[in-house]
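With the working numbering applied, the sequence shown covers 693 to 734.
Where a beta carbon is used, it is the ideal one built from N, C-alpha and C, also for glycine.
In this text, all values refer to a predicted model and were calculated from it rather than measured experimentally.
Here the structure comes first, spelled out in structure tokens, and everything after it is commentary.
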Amino acid sequence: FVDLEAAGSVTTSGLDCYHTTKKLARLSYAKPDKFPEELHVD
């Protein structure tokens, strides 16, 4: 697992739009019959 937020990464979309990263949540793998659940790991 790479912590992109801690790395201070910046990314682009298009030619003139820049974004920083912010972790929202970690989710379990998607399955057809189950809604993803938030994972609480450090």
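Here His711 has Val702, Thr703, Thr704, Ser705 as same chain residues with Cβ atoms under 8 Å from its own Cβ, once five neighbours each way along the sequence are excluded.
In this structure, Lys715 sits away from Glu729, with a CB-CB distance that is not shorter than 7 Å. Close CB contacts of Ala717 within its chain, under the 6 Å cut and outside five residues either way in sequence, are with Glu730 (chain order). In this structure, DSSP gives Glu697 a helical state, which the three-state scheme calls helix.
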